[in-house]
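Have a look at the structure below before the remarks.
Chains as they are written, first to last, in this note's numbering: chain F, 1 to 120; chain L, 1001 to 1205.
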């Protein structure tokens, strides 16, 4: 399992990646869309957890870009908003949708569920 | 009397601030969770690096300060609705509008800075003034010049104090100027020049 976190809050994504690493899951992070795309070109990630609202590319646009680079990749959206609009967009465009702050157990469950659905 | 657009503006600012606070809480949540993970592993025999703990504690303190600053700005903004006519420090108005605009600046990948200047006090509606200045900043951030730096500050003008927003692209669409009706409600004049929007307030007294 290889996970990429993308959010402009560097202290959030670095901690999330480290917490997954401590659980034996390979995880990395990027704080902008361009770096995320570079990492996806270079690494076989199974899943990306994307912030919906980031400077530059939005989470929805970044997902489309990363999907073109690696078609089998799965996605989970993470947002601070929790608005109806975000929920509709996030739920329809990704395998999971989480509202910050996220419980690590919920994150792990969403990742497992998204990857299991991808194998179906 | 407040109008519907005023309420929409208040809601928009509140939504932006709450989003920022969610991010602060999310960082605190993960950094505290990371500490918990490390302590748990230490209990199982893993060596704990004191520097690692110090870095995480430093990050937590920084986020608490960040959250406190965000709440202070929200509180000051909320109090602009207390009375529709009061003595207002223009320097403080500029600082507040710039602070509230930082998230949007980041989204536009624009630097938003305040420029030092005089700090006259004027009698006005602080909420409407903050709203008008924010609209000017939003327009500048949506159409910045090549430096991608928008600045806001107070100047002394021949007619009275001026709130000046600079850093707009010279060809920024003047047709999208902030609502003139808002300037009329506030009793100020909006003046556009290439790369600049000025809110001209009446001289005191």
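Just so it is clear, CB atoms sit at the ideal spot from N, CA and C, and this is done for glycine as well. All values derive from a computational prediction rather than experimental measurement.
Rounded C-alpha distance that separates residue 1072/L from residue 1096/L: 10 Å
Range covered by the beta strand (DSSP E) that runs through residue 76/F: 74 to 79
Validate contact between the segment 1145 to 1165 of chain L and the segment 1108 to 1122 of chain L using beta carbons, cut 8 Å, 3 pairs: yes
Buried versus exposed, by CB contacts within 10 Å (16 or more), residue 64/F: exposed
Contacts that residue 946/L makes with chain F (C-beta to C-beta distance below 9 Å): Absent from the model: residue 946/L. The displayed extent of chain L is 1001 to 1205, so no value can be given.
Classification of residue 1050/L by the beta-carbon crowding that lies within 10 angstroms, buried from 16 upward: exposed
Beta bridge counterpart(s) of residue 1087/L as assigned by DSSP: 1123/L
Cβ neighbours of residue 1114/L in the same chain (closer than 8 Å, five flanking residues each side left out): Around residue 1114/L: 1094, 1095, 1098, 1151, 1152 and 1153.
Cβ of residue 93/F within 8 Å of any chain L Cβ: no
Chain-ordered chain L contacts of residue 47/F [CB-CB under 8 Å]: The premise fails here: residue 47/F is roughly 18 Å from chain L at the closest Cβ pair, so nothing lies under 8 Å.
Meets three-Cβ-pair contact criterion under 8 Å: the segment 86 to 100 of chain F and the segment 1017 to 1031 of chain L: yes
Cβ of residue 1030/L within 8 Å of any chain F Cβ: yes
Pair within 8 Å by beta-carbon distance, residue 15/F and residue 1034/L: Yes, they are a contact pair.
Residue 31/F burial status per 10 Å Cβ neighbour count (16 or more: buried): buried
Spatial neighbours of residue 1069/L in its chain, beta-carbon cut-off 6 Å, leaving aside the 5 residues before and after: Excluding five sequence positions before and after residue 1069/L, none of the CB atoms of its chain fall closer than 6 Å to its own CB.
C-beta contact flag for residue 1128/L and residue 1185/L at 8 Å: yes
Short CB-CB distance (under 8 Å) between residue 15/F and chain L: yes
Given residue 1027/L as reference, the closest of 1199/L, 1067/L and 1008/L once Cα atoms are compared: 1067/L
For residue 29/F, the residue or residues it bridges with in DSSP: 5/F
Interface positions of the segment 102 to 113 of chain F facing chain L (Cβ-Cβ less than 9 Å), listed along the chain: 102, 103 and 104
Chain F contact residues for residue 1033/L, given Cβ-Cβ distances below 8 Å: Below the 8 Å Cβ cutoff, chain F contributes 15, 19 and 104 as neighbours of residue 1033/L, in chain order.
Inter-stretch contact at 8 Å, needing at least 3 Cβ pairs: the segment 30 to 47 of chain F / the segment 1005 to 1020 of chain L: no
Short CB-CB distance (under 8 Å) between residue 120/F and chain L: Only weak support exists for where residue 120/F lies, its pLDDT of 43 falling under 50; the value from the coordinates is given anyway. When Cβ-Cβ separations below 8 Å define contact, residue 120/F makes no contact with chain L.
Buried versus exposed call for residue 1064/L [16 or more other C-beta atoms within 10 Å across all chains shown]: Result: exposed.
C-beta contact flag for residue 1131/L and residue 1182/L at 8 Å: yes
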